[in-house]
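Participant:
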Amino acid sequence: MNKKIIYIGGYGWSGSTLLSRLLMLLPKVISLGEFHNIKEDFKNNDKCSCGEHVSSCFFWKAPFQKFQQGVVEEKDLFDQLHFDQPNTIFIDASKTTFSNFQRPFKLAEAYDVLFIHLVRDGFSVLGSNLKRKPRNLFWNSMVTAIHWKLANYFSERFKLKYRDRYLLVKYEELIHDPTTLLKKVAKALDLKISDELNGFCMLPLGHQISGNNIRFEKELKVEKRISNTDELPRVGKWVFSFFSGSMVKRYYPSGNS
Ligand SMILES: [Zn+2]
Numbered sequence: 004m005n006k007k008i009i010y011i012g013g014y015g016w017s018g019s020t021l022l023s024r025l026l027m028l029l030p031k032v033i034s035l036g037e038f039h040n041i042k043e044d045f046k047n048n049d050k051c052s053c054g055e056h057v058s059s060c061f062f063w064k065a066p067f068q069k070f071q072q073g074v075v076e077e078k079d080l081f082d083q084l085h086f087d088q089p090n091t092i093f094i095d096a097s098k099t100t101f102s103n104f105q106r107p108f109k110l111a112e113a114y115d116v117l118f119i120h121l122v123r124d125g126f127s128v129l130g131s132n133l134k135r136k137p138r139n140l141f142w143n144s145m146v147t148a149i150h151w152k153l154a155n156y157f158s159e160r161f162k163l164k165y166r167d168r169y170l171l172v173k174y175e176e177l178i179h180d181p182t183t184l185l186k187k188v189a190k191a192l193d194l195k196i197s198d199e200l201n202g203f204c205m206l207p208l209g210h211q212i213s214g215n216n217i218r219f220e221k222e223l224k225v226e227k228r229i230s231n232t233d234e235l236p237r238v239g240k241w242v243f244s245f246f247s248g249s250m251v252k253r254y255y256p257s258g259n260s
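Be aware that the sequence shown starts at 4, since it is given in the numbering used here, and climbs by one per residue.
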């Protein structure tokens, strides 16, 4: 079992696209984005982060042709990529939201998976969600709290089963000290890295399909972007704390920075 995958688990709006792009600074690592959407992306001939549509992107050429010939099993498409680029470590950033909670367990049965549990402070995640959906404050805060908690819970289940393949990464660690984070992941993957490695340099685009639109940003660097959670409505904070406060305290015992 030498086909390697990095699986990014956790909740959405936690920086998984930024983390995926950062990890591509490591040798042999290429991010596929949210691979669970691959069939939809192929069906719609969606745009790859390299700028080409999947039908004309050299990276996706062979799996896309297979799909057009009627191959619909995701594993066959994944194996085609491993066949085309042996020894490459692919990132699947499908996370562990409710619809995908079993996904890393299934992948771990067939591949050598390093599971990265990406956690972002729940209040910051709520702030991001409320910016997009400012209406129904109570409802949105409750739904975000429950889904955030479940996504992290499912990641913790992975740790229980595969402790040696699990790595906890915090969003705040990603934006404050990306170089140390890269070294930590390289160590877990047993990769040799250059002493010159700098996590604040320009990040590679890779061939990412679904995910946050920053996957298309040609000039992207890690920046220290900490949300100001003081601006969150008090009701939102209260609702979030009511449903998920114990888990927030577990990961952030002394605040979010
Ligand atoms: Zn591409």
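All C-beta atoms in this analysis are idealised placements derived from N, C-alpha and C, irrespective of residue type, glycine included.
DSSP three-state label for residue 70, please.
Facilitator: Note: residue 70 maps to helix in three-state DSSP.
Participant: Which residue comes first and which comes last in the beta strand (DSSP E) that contains residue 8?
Facilitator: 7-13
Participant: Helix, strand or coil for residue 34, going by three-state DSSP, please let me know.
Facilitator: strand
Participant: Scan the segment 34-112 and note each continuous alpha helix (DSSP H) run of 4 residues or more that stays entirely inside, going in chain order.
Facilitator: 41-46, 64-71, 77-87
Participant: Considering just the uninterrupted stretch of the alpha helix (DSSP H) at residue 119, what are its terminal residues?
Facilitator: Secondary structure note for residue 119: it is in no alpha helix (DSSP H), and the uninterrupted beta strand (DSSP E) holding it is 115-122.
Participant: With a cut-off of 5 Å, give the chain-ordered residues whose Cβ is closer than this to any heavy atom of ligand 1.
Facilitator: The chain-ordered list of residues whose CB is nearer than 5 Å to some heavy atom of ligand 1 reads 51, 53, 60, 62, 210.
Participant: Within this structure, are the beta carbons of residue 38 and residue 79 separated by less than 8 Å?
Facilitator: no
Participant: Can you look up residue 25 in the DSSP assignment and give me helix, strand or coil?
Facilitator: helix
Participant: With DSSP run on the structure shown, which of helix, strand or coil describes residue 184?
Facilitator: It is helical.
Participant: Which class does residue 157 belong to by DSSP, given the choice of helix, strand or coil?
Facilitator: helix
Participant: Please classify residue 183: is it buried, with 16 or more other beta-carbons within 10 angstroms of its beta-carbon, or exposed?
Facilitator: exposed
Participant: Report back the beta-carbon spacing between residue 168 and residue 117 to the nearest angstrom; my notes put them in contact at under 8 Å.
Facilitator: 6 Å
Participant: Does DSSP put residue 260 in a helix, in a strand, or in coil?
Facilitator: Low local confidence applies: a pLDDT of 46 at residue 260 is under 50, so the model's placement there is unreliable, and no value is given.
Participant: Look at the alpha carbon of residue 18 and the alpha carbon of residue 107, and state the distance between them as a whole number of angstroms.
Facilitator: 18 Å
Participant: Please work out which residues of its chain come closer than 8 Å, Cβ to Cβ, to residue 101, disregarding the five sequence neighbours upstream and downstream, and give them in chain order.
Facilitator: 150, 153, 154
Participant: Whole angstroms is fine: what's the gap from residue 252's alpha carbon to residue 148's?
Facilitator: 13 Å
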